[in-house]
Structure formats: C-alpha cells, structure tokens
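J.: So for the sequence shown, UniProt numbering puts the first residue at 1; every next one is plus one.
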Amino acid sequence: MEPQVDRIEVDMTEATPPPKNRPTRLDPDQHAGEYAPEPALLEILANLGGAASWRTATAGQRARVIAAAGQLRSAGLDPRSIGLVSEAR
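1. Please classify Leu-42: is it buried, with 16 or more other beta-carbons within 10 angstroms of its beta-carbon, or exposed?
2. For Pro-79 and Ala-51, what's the separation of their Cα atoms in angstroms?
3. Alpha carbon to alpha carbon, how far is Arg-55 from Ser-74? Give it in angstroms, no decimals.
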C-alpha cells in the first residue's frame, strides 16, 4: 500500500517573479569603481621606469607608472593572469 499524498496545486503565474531586465554583456569597469593597481605591479613598473622603488619615484615617474598600469588593464592583461604579479596564498 502506498501512502496517500495530498497534491497542492500552485498557480505559478503569480508566484513567479517577473524576469529581470539584464544587459546582454556585463561591464566590470562600470561596477569596479576607480582602478587601483596592485602594489607589486607599481613596484615592478617603477623599477622598469628607472626608480629604485615606488616610494622613491618622482611625480613624473609615478604618472608614467600609473599610465602603464592603466594601459595593461585596458589591454586586458591582468597582471595576475600573465604572471607579473602573484596573489598571496
């Protein structure tokens, strides 16, 4: 003998929320806020720019480093994905 189960009928037309109007492609730049390069990336680029470190870099060198970091990002080259900067484990 099978146990008897009461069936409950639910009208899903009212219970289902309306579909969300989502964009076809999400833009991560729109939600990320202002870009802040990784500190290790700033050190590497400052060294490449001729400064001993980010702290000792001149204002001109820092401006070039920030511009280079922005160009890497806009080119889609995330420093972590290309192995330039490693994440802390």
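Each residue gets a CB set at the ideal place from its N, CA and C atoms; glycine is no exception.
T.: Walking through what the data contain:
1. buried
2. 20 angstroms
3. 25 angstroms
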